[in-house]
Amino acid sequence: MALFTFLVACSTALAAESQYADYRLGMLNPDLIYFNEGGQRYPLNVLPVATRRQQEVSDLKNENNVPGANKLPLPVNMIPDGPVGPPPVANVNPLQRPSAELTPPDYKPIPTNNDLQKQTELVNRFAEDSDTKAPDVQQNSSTTVDNVSIGVSQFGINIMKTLLFQQGNVVVSPFSIATLLALLQQGSLGATQRQISNALQMSPSDAADGFKRLADNLQKRSSTNIFKVGNGVFLDEGFNVNPAFKRIAMKDFNSEVNQIKFSRPQQAAQKINNWIAAITNNKINQLLTPDSLGVNTQLALVNAVYFKGIWQVKFRPDSTMPKDFYMYNGGKKTANFMRMRRYFKTDFDPSIGSQVLILPFEGEHYSLMVILPSESTNVMSAAAALTPEKLLSYQNYTPKEVALEIPKFTVKSDTNLVTVFQQLGIINIFGPQSELSGLGNYREFAPQVSSALHSALLSIDEQGGTAAAATSFGVVALSYDDPSVIFRANRPFLAVLWDRQTSLPLFMAKIEDPVS
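The sequence shown lines up with residues -15 to -1, 1 to 501 when you count with mature numbering (1 follows the signal peptide of the UniProt record, and there is no 0).
So this is what it looks like as structure tokens:
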């Protein structure tokens, strides 16, 4: 069996560029899939993530002597008094939970007379001429992107549902994991292809066409925010890549294809690190160590995603103050709450029992969606009732004057994607009948996935605006009139980093402890 490595590196920076100059960043968000004969693990050495320096919080005295400036009005909360939305889930996971040691079901080899049909499927799917593509290719650009957006949104919701019962914070990048699977999907066949397609809710040809149009959209976008995506295929000299897979990786996923000597792990790791650093503006520059690459590695598929957002309305650091954040275990912690009074899109969704608020970035290409369950429900119940259509509908909420309080947070979590994929029905890629020969082969060996790791980080603070942006929007003083809505995120909530142009969830997180 040939050994392969699949990497996805993603970072989200919701702070000013200058904030990163004071400390050395470690790895922010890698995804790893290793293909290995015999199941030997080559774990990635995760570099430590530097802790953001806490900005000194001012005391509560009113330094500018503005009447009423340090007295927040207490309007009626928009959440109904009675129980609303789905009932809380009491530590019961309705999903089937296969263990990490789950073995693939018995698989009967496909008769030899079907091999030719499989090859025909590959040729049709990867054909250069669009007229010879498989019939399930969607040629309508807007519809295809919509299908991909809905599929990735549902995929992200499903991933969160499998992880929300874990104690503590959770953050994942549905977009990066979906990109990883969509590229892997292009080299899959038979039952393996059907399992991946069902999880992504799109066929290989629709996925390739849709992700190509998404990449074109991002390249043409003009924004003060930065969102960069890169795909790379690194081949050892001994690996025979399928020309059809190479063609679609370059054409539809805009992947670079490079030769590399994995027999020299130090040089190979440095070459991949340099490529990732170029995509991420040098914010992720030491993703790999020589130990994280086995000497038998023949192929590495790499995806890097980088986002740096600038708030449309910048929080005032001198308005940040310590307040209690209430935990599900009955305890509480003191967190630094950012405060602002502005007009935001917000409303209460009774179907999930939660307040929803949209925090836009400059230009409104991107936004942070905050979903705050009422005290009568919890994040598990709210997430269980979420749908892609609801996420889309929240973008159309009417702006209301809001007294907003939300804690600063930096959350990081590591996820075993093997377990997640298995719970989503993607099982065959981990067994000897992986049916991934569409990627290529090493001698007579076909690829097989043995392990997968996803590590993600999401950070929110007051920064994220240039001086011009701060001047443009200025400071809004608190008035004596009651705001129409109080949005106080002082208990566990969900956060979704949303691409408004493509309706894609870039990151999804459960914030259970903002100071952990």
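Just so it is clear, CB atoms sit at the ideal spot from N, CA and C, and this is done for glycine as well. The model shown is predicted, which means the values in this text are computed figures rather than measured ones.
Looking at the strands, I want to know which residues DSSP matches up with residue 354. Beta-bridge annotation (DSSP): residue 354 is paired with 343, 481.
Through-space distance from residue 478 to residue 183, alpha-carbon basis: C-alpha of residue 183 to C-alpha of residue 478: approximately 29 Å in a straight line.
Please tell me whether residue 324 and residue 298 are closer than 9 Å, where the distance is taken between their beta carbons. No, the Cβ-Cβ distance between residue 324 and residue 298 is not below 9 Å.
Taking 9 Å as the threshold (C-beta atoms), are residue 220 and residue 414 in contact? Going by beta carbons, residue 414 and residue 220 fall outside the 9 Å limit.
Nearest-angstrom Cα distance between residue 201 and residue 469? If I take the Cα positions, the gap works out to 41 Å.
Span separating the alpha-carbon of residue 425 from that of residue 362: Cα to Cα, the separation comes out at about 49 Å.
Can you give me the Cβ contacts of residue 208 inside the same chain, cut-off strictly under 6 Å, excluding the 5 residues immediately before and after it? Correct list, in chain order: 348, 350.
Three-way DSSP call (helix, strand, coil) for residue 289 in this model: Three-state result, residue 289: strand.
Per the DSSP calculation, residue 215 is bridged to which residue(s)? Bridge partners of residue 215: 289.
I'd like the list of long-range same chain contacts for residue 492, defined as Cβ closer than 6 Å, with 5 residues on each side in sequence excluded. Cβ neighbours of residue 492 beyond the five flanking positions: -4, 158, 443, 482.
Does the separation of the CB atoms of residue 230 and residue 365 fall below 9 Å? The Cβ atoms of residue 230 and residue 365 do not sit closer than 9 Å to each other.
Classify residue 276: buried if its beta carbon has 16 or more other beta carbons within 10 angstroms, exposed otherwise. Looking at its Cβ environment, which holds fewer than 16 other Cβ atoms inside 10 Å, residue 276 is exposed.
Is it buried or exposed for residue 476, if we count other Cβ within 10 angstroms and need 16 for buried? Buried, since its Cβ has 16 or more Cβ neighbours within 10 Å.
Considering only their Cβ atoms, is the gap separating residue 133 from residue 198 smaller than 9 Å? Result yes, Cβ atoms of residue 198 and residue 133 sit closer than 9 Å.
Selection from 403, 471, 315 that minimises the alpha carbon distance to residue 388: Scanning 403, 471, 315 for the CA closest to the CA of residue 388 turns up 471.
If you compare alpha carbons, which of 137, 186, 147 is closest to residue 405? Of the candidates 137, 186, 147, the one whose C-alpha sits nearest the C-alpha of residue 405 is 147.
Could you check whether residue 412 and residue 180 sit closer than 9 Å to each other, using their CB atoms as the reference points? It is a contact, given that the beta carbons lie within the stated cut-off.
Which of helix, strand or coil does DSSP assign to residue 379? Three-state result, residue 379: helix.
Please name the residue in 245, 287, 171 whose C-alpha comes closest to that of residue 264. Cα-wise, what sits closest to residue 264 is 287.
Can you have a look at residue 293 and say buried or exposed, based on whether 16 or more other CB atoms are within 10 angstroms of its CB? Buried, because 16 or more other Cβ atoms sit within 10 Å of the Cβ of residue 293.
Would you mind working out which of 152, 172, 487 sits nearest residue 419, comparing C-alpha positions? Closest by alpha carbon: 172.
Is the beta carbon of residue 396 closer than 9 Å to that of residue 499? Yes, Cβ-Cβ distance for residue 499 and residue 396 is below 9 Å.
Could you check where the alpha helix (DSSP H) with residue 189 kicks off and where it finishes? Here the alpha helix (DSSP H) through residue 189 covers 189 to 205.
What is the rounded straight-line gap between the Cα of residue 372 and the Cα of residue 139? Approximately 7 Å between the Cα atoms of the pair.
For residue 204, does the count of other Cβ atoms within 10 angstroms reach 16, so buried, or fall short, so exposed? It counts as exposed.
Of the residues 267, 255, 497, 335, which one's Cα is nearest the Cα of residue 274? In this structure, 255 is the residue among 267, 255, 497, 335 with its C-alpha nearest to the C-alpha of residue 274.
Extract the residue ranges of the alpha helix (DSSP H) inside the stretch 149 to 176, only unbroken runs of 4 or more that lie entirely within it. Complete alpha helix (DSSP H) runs here, min 4: 159 to 170.
Start-to-end residues for the alpha helix (DSSP H) that takes in residue 500: Neither: residue 500 is in no alpha helix (DSSP H) and is coded neither H nor E.
Compute the Euclidean distance between the alpha carbons of residue 322 and residue 160, then round it to the nearest angstrom. Their backbone Cα atoms lie some 29 Å apart in a straight line.
Might you give, ordered along the chain, the residues of its own chain that have their beta carbon closer than 6 Å to the beta carbon of residue 156, omitting 5 neighbours on each side? So the list reads 396, 398, 441, 443, 494, once near-sequence residues are dropped.
Determine the DSSP secondary structure at residue 224, reduced to helix, strand or coil. In the structure shown, residue 224 sits in coil (DSSP, three-state: anything other than H, G, I, E or B).
Taking its Cβ as the centre, do 16 or more other Cβ atoms sit within 10 Å of residue 319, making it buried, or is it exposed? In this structure residue 319 is exposed. Its beta-carbon is surrounded by fewer than 16 other beta-carbon atoms within 10 angstroms.
What would DSSP say about residue 398, mapped onto helix, strand or coil? Of the three classes helix, strand and coil, the one that applies to residue 398 here is strand, per DSSP.
Closest residue to residue 174 among 431, 428, 423, 480 (Cα-Cα distance): Shortest Cα-Cα distance from residue 174 to any of 431, 428, 423, 480 involves 423.
Reference residue 167, options 212, 238, 154, 228, closest by Cα: Ranked by Cα distance from residue 167, the first of 212, 238, 154, 228 is 238.
Per-residue DSSP class, three states only, for residue 315: Coil.
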